[in-house]
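See below for the structure under consideration.
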Amino acid sequence: MISVMPAPRTDRAAADASATAWALAARGGDPEAADHFVRALHADVLRYVTYLSGDPQTAHDLTQDTFARAFGSLHRYEGRASARTWLLSIARRAVADSLRRAAVRPRIADTVDWQTAVEGTQLCGLPGFDDGIALLDLLETLPDERREAFLLTQVVGLSYEEAAGFAGCPVGTVRSRVSRARATLERVLREAESASTLGG
17 MISVMPAPRT DRAAADASAT AWALAARGGD PEAADHFVRA LHADVLRYVT
67 YLSGDPQTAH DLTQDTFARA FGSLHRYEGR ASARTWLLSI ARRAVADSLR
117 RAAVRPRIAD TVDWQTAVEG TQLCGLPGFD DGIALLDLLE TLPDERREAF
167 LLTQVVGLSY EEAAGFAGCP VGTVRSRVSR ARATLERVLR EAESASTLGG
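Letter 179 of the sequence shown, counting from 1, is numbered 195 in the working numbering, and no numbers are missing.
Below, the structure is given as structure tokens:
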């Protein structure tokens, strides 16, 4: 069974405060603070862009793009929102831009045996990899707004209030979207289990 447990709120608040302080120090030109800022938020950004884009293969590029954009506009960051929320909004734009570019200029694989190439890049030996892919597949069944609300609160670990500010909607709307997303995911899982029982 796939479970996603965000960090406890007190730990998350302390981590957010540290990351925000590092971002502000990095804005002042402190290279060590810049390194701490990246290390503190890299995993969250990677997780978010992976699920949002639906493409684990380009997630690292999108994460690098997000941080490059962040450092390019760090001089404008004033700490009004947490560094995590600010960075995730940049990540969302990076994913949207990437999807737009892909739609305008679809790429053609330059390998004859594309299936072998894809299988060669799979990291199947890593713990939790199959669960991550299964969750990614499940999330694809959700409408965009519900998927984003679920990701922000259940995967990235933002509070409902932070997610509402991020998405630009009321807190109640975020709660409703998460609740509906959970109901959909549970239904899809039940149907899959039922089908495998009947098929086995």
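C-beta atoms are modelled at their ideal positions from N, C-alpha and C, and glycine is treated no differently.
- Rounded to the nearest whole angstrom, the C-alpha separation of Arg63 and Cys185 is 23 Å.
- Straight across, the Cα-Cα distance linking Glu209 with Glu202 is about 10 Å.
- In this structure, Ala110 places its C-beta atom within 7 Å of the C-beta atom of Leu78.
- Rounded to the nearest angstrom, the gap between the Cα atoms of Glu48 and Phe182 is 28 Å.
- A Cβ-Cβ contact shorter than 7 Å links Thr169 with Ala179.
- Going by beta carbons, Arg196 and Arg162 fall inside the 7 Å limit.
- Scanning its chain for C-beta atoms nearer than 7 Å, with the 5 sequence neighbours on each side dropped, one finds around Arg100 the residues Asp32, Ala35, Leu57, Asp60, in chain order.
- In this structure, the straight-line span from the alpha carbon of Asp81 to that of Asp160 is close to 22 Å.
- In this structure, the alpha-carbon of Gln73 lies about 14 Å from that of Leu115.
- Closest in C-alpha terms to Ser98, from the list Val194, Ser89, Trp38, Ala199, comes Trp38.
- Membership of Asp77 in the alpha helix (DSSP H) is indicated by the continuous run 75-88.
- Burial check for Arg206: the Cβ neighbour count within 10 Å stays below 16, so the residue is exposed.
- Residue environment analysis places Thr66 among the buried positions, since at least 16 neighbouring C-beta atoms fall within 10 angstroms of its C-beta.
- Thr157 sits in coil when the DSSP states are folded into three classes, being neither helix nor strand.
- The residues Thr36, Ala39, Leu40, in chain order, have a CB closer than 8 Å to that of Gly95 in the same chain once the five nearest residues on each side in sequence are set aside.
- By the neighbour-count criterion, in which 16 or more other beta carbons inside 10 Å mark a residue as buried, Ala84 falls on the exposed side.
- Spanning the alpha carbons of Asp46 and Val204 requires a straight line of approximately 48 Å.
- By the neighbour-count definition (other C-beta atoms within 10 Å, threshold 16), Ser89 is an exposed residue.
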